[in-house]
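Numbering (my numbering), first residue to last: 10 to 392.
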Ligand SMILES: [Zn+2]
């Protein structure tokens with residue numbers, strides 16, 4: 010667990026449990042996307058499955074790297090490796106697993122969630138929609154006669170029947186069985202699930218960690234693009250990776266000046282369709298890179314990145330205005346801040362419209378009109 014950066018609080022909780030032999034049977038690892046939750050779950054799992062885990066030089070309990078379990082662990086660094094791994098007591102459940110299901114309906118469908126049948130096939134057992142009965146893997150003795158671990162990545166994607174079906178197992182898992190739910194949206198888990206698990210909180214990564222990754226791995230040269238990615242990432246390495254891979258700096262260069270233009274009455278009527286087509290291009294590229302991913306989910310992912318970009322700009326403008334007009338009376342200051350607050354509200358409205366499955370072009374047009382209206386309000390305040 011020594012290789013995990015910037016998550017000292019989370020590591021301390023897990024290390025303390027290991028030290029005092031007080032590990033919980035079920036955990037929720039929650040925090041922003043792309044900060045190392047699943048990587049930590051895997052590192053913790055390696056220790057739990059190791060037959061000879063011991064305290065290392067750093068004072069932390071570590072896996073021995075030589076026992077039968079550790080030898081099988083070789084080559085597992087991330088969730089994608091873990092999915093392909095041959096370790097019989099590591100069970101990683103994620104929506105992509107549906108692509109290899111023995112149930113044809115699951116195999117063929119778009120991977121938008123983790124359906125209960127996938128959970129039945131790979132963990133809790135029972136009869137699936139195709140009438141097939143599955144032995145509960147969770148009830149079996151660990152293959153290496155030690156522990157076994159189930160990690161559910163993006164656990165918020167478990168459908169309602171899946172969450173309900175999991176309750177009994179979370180209540181009384183068989184001895185030597187650990188369950189880790191990894192999620193960036195803990196609020197989408199049932200309260201009854203949350204109350205049965207110990208929570209481990211993950212925070213955003215530091216700017217230094219993101220900048221180091223940009224230097225060493227992404228090889229993004231120092232300059233405005235690199236600075237922008239560090240800011241845009243907001244402590245999420247996952248978001249930084251998307252920003253580089255999909256060239257979101259190009260989005261910023263088009264959208265941010267357009268937002269500034271609105272403030273001086275230069276409304277670009279084509280902005281809505283420009284934003285929509287950028288999101289569409291993102292989604293097409295995403296689906297190409299992730300066969301079986303749903304275009305709808307990719308659209309939502311792209312839109313979320315666009316909403317982050319716009320909201321971050323509005324927040325920066327709010328901070329700037331608050332600094333500039335610090336001496337104004339509260340009511341006047343509020344008038345100055347109102348337009349940017351309205352921009353943030355407009356983004357929330359766009360999010361809600363997308364959730365109601367409205368057409369992307371329409372949502373983006375509506376958003377731009379609402380933002381422009383907010384800016385017109387600012388003009389009146391400044392006049
Ligand atoms: Zn070992």
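Just so it is clear, CB atoms sit at the ideal spot from N, CA and C, and this is done for glycine as well.
On the CB-based measure, 16 or more other CB atoms within 10 Å of its CB, does residue i come out buried or exposed?
i	result
residue 142	exposed
residue 391	Legend: pLDDT at residue 391 = 46, less than 50; position of this residue unreliable, value from coordinates given subsequently. The residue is exposed, with fewer than 16 neighbouring Cβ atoms inside 10 Å.
residue 114	exposed
residue 201	exposed
residue 93	exposed
residue 371	exposed
residue 71	buried
residue 136	exposed
residue 267	buried
residue 177	exposed
residue 23	buried
residue 131	buried
residue 225	exposed
residue 361	exposed
residue 363	buried
residue 323	buried
residue 311	buried
residue 111	exposed
residue 389	With a pLDDT of 48 at residue 389, under the threshold of 50, the modelled position of that residue is not reliable, and the figure given next carries that caveat. The residue is exposed, with fewer than 16 neighbouring Cβ atoms inside 10 Å.
residue 163	buried
residue 192	buried
residue 55	buried
residue 332	exposed
residue 16	buried
residue 205	buried
residue 138	exposed
residue 117	exposed
residue 381	buried
residue 368	exposed
residue 87	exposed
residue 402	Nothing in the structure corresponds to residue 402, since the chain is present only between 10 and 392.
residue 355	buried
residue 234	buried
residue 84	exposed
residue 393	With the chain covering 10 to 392 only, the question about residue 393 has no answer from this structure.
residue 30	exposed
residue 274	exposed
residue 12	exposed
residue 383	buried
Taking the DSSP output, what are the residues bridged to residue i?
i	result
residue 190	37 and 161
residue 135	143
residue 336	Note: residue 336 sits in no beta bridge, so no partner.
residue 356	BP columns for residue 356 are empty, so no partner.
residue 208	37
residue 167	123
I'd like to confirm something about residue i: is its beta-carbon nearer than 7 Å to some heavy atom of ligand 3, or not?
i	result
residue 76	The ligand content of the structure shown is limited to ligand 1, which means ligand 3 is not among them.
Quick one: which unbroken beta strand (DSSP E) runs of 3-plus residues sit fully inside the stretch 33 to 119? Chain order, please. 35 to 39 and 99 to 102
Stretch-stretch touch, CB-based, cutoff 8 Å, three pairs: the stretch 106 to 126 with the stretch 75 to 85: no
Three or more beta-carbon pairs under 8 Å between the stretch 116 to 124 and the stretch 52 to 72, yes or no? no
Check each residue's C-beta against every heavy atom of ligand 1 and list, in chain order, those closer than 7 Å. 59, 60, 61, 62, 72, 73, 74, 75, 76, 78 and 79
Could you give the uninterrupted runs of the alpha helix (DSSP H) lying entirely in the stretch 241 to 313, keeping only those of 4 residues or more? 246 to 254, 257 to 272 and 280 to 298
Under 8 Å, with one C-beta from each stretch per pair, do the stretch 274 to 287 and the stretch 325 to 332 reach the 3-pair mark? no
Is the number of C-beta pairs between the stretch 81 to 98 and the stretch 145 to 157 that are closer than 8 Å three or more? yes
Taking contact to mean 3 or more Cβ pairs, one atom from each stretch, closer than 8 Å, check whether the stretch 343 to 350 and the stretch 284 to 295 are in contact. no
Any 3 or more C-beta pairs closer than 8 Å across the stretch 181 to 194 and the stretch 213 to 227: no
Decide if the stretch 42 to 52 is in contact with the stretch 230 to 247; the criterion is three or more beta carbon pairs, one per stretch, under 8 Å apart. yes
Three or more C-beta pairs below 8 Å linking the stretch 233 to 243 and the stretch 351 to 360: no
Pairing CB atoms from the stretch 165 to 175 with CB atoms from the stretch 198 to 215, are three or more of them under 8 Å? yes
State whether the stretch 48 to 58 contacts the stretch 26 to 40, with contact taken as three or more CB pairs (one from each stretch) at a distance under 8 Å. yes
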